[in-house]
Amino acid sequence: MHTDIRLLLCTTLVFHAFGLEVKKRFEFENVIGGAGSARTPWRSAASGISSLHMFKGDQIQLTLCADVAMTLSIDGLIYSNDGESDTIDVSVKYSTGVFFPYGTVFTEETSGGGGKFWNSFKSSVPFPATPLFLTPCTNTTLRLTVNVADCYGSEFDALDVTLSTNVANETLWCDAKLIYAATTTPCAE
């Protein structure tokens, strides 16, 4: 445990000392096969022309893989919301198999839109937490859970991150899955 913490601190110092920053983006419509389904509506303002509609209790699990040791910082969750503010909790699982809290996103309330705010995407603030440390030996899983939402939920466009080294998207985002809520809201049916 102490070795992991020391390694993380050293990596963070090196990351900031050399200043190497590589920006990457994960498009959420790719979680369930692309644009144009009920869960991935077309959105002209979305970065990939579609977004992923998420409801209360839904989870996305993104498995991150690395072919070299690196750090990853979450710059922001790009989302749209047409209604009350929603709460998305982000947690991380390393090789221990246990998820631990990493940060929370509170979407901006956009009441009274009558549907017109679905195409208005915003970025959450960057996560202030310590950068994640990725190694070639283990996979790291990010879990985004919609814990508080109105009936209509939110739409996720993309996740922006910064890496301390450049890797191919296919290597970094090695798996993604949507886990549907155990009890769906009427708006999700």
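Take the sequence shown: its letters are residues -19 to -1, 1 to 170, numbered as in mature numbering (1 follows the signal peptide of the UniProt record, and there is no 0). Backbone N, C-alpha and C fix where the C-beta goes; we use that ideal spot for every residue, glycine too.
- For the pair L1 and S145, the Cα-to-Cα distance works out to about 5 Å.
- Under the criterion of beta carbons closer than 8 Å, E10 and S32 qualify as touching, at roughly 6 Å.
- When C-beta atoms of the region 56 to 74 are compared with those of the region 130 to 145, three or more pairs fall below 8 Å, so the two segments count as touching.
- Taking C-alpha positions only, E89 is separated from L113 by approximately 26 Å.
- Secondary structure at N100: helix, using DSSP grouped into helix, strand and coil.
- For L113, there is no enclosing alpha helix (DSSP H); the enclosing beta strand (DSSP E) covers residues 113 to 115.
- Residues L123, A157 of the same chain have their beta carbon placed closer than 6 Å to that of L43, with the five preceding and five following residues left out of the count.
- Spatial neighbours of G38 in its own chain (CB-CB distance under 7 Å, excluding positions within 5 residues in sequence) are listed in chain order as V127, A162, A163, T164.
- S101 is positioned such that its CB atom lies no closer than 9 Å to that of L58.
- Listed in chain order, the alpha helix (DSSP H) runs fully inside the region 29 to 91 amount to none, counting runs of at least 4 residues.
- A straight-line Cα-Cα distance of about 36 Å links R24 and A50.
- Under the three-state reduction of DSSP output, A139 falls in the strand class.
- A Cβ-Cβ separation of about 5 Å places S61 in contact with W99 under the 8 Å criterion.
- Rounded to whole angstroms, I30 and K5 show a C-alpha spacing of 17 Å.
- By alpha-carbon distance to S92, the top candidate from V3, V142, S135 is S135.
- Under the 10 Å beta carbon count, A26 is surrounded by fewer than 16 other beta carbons and is classified as exposed.
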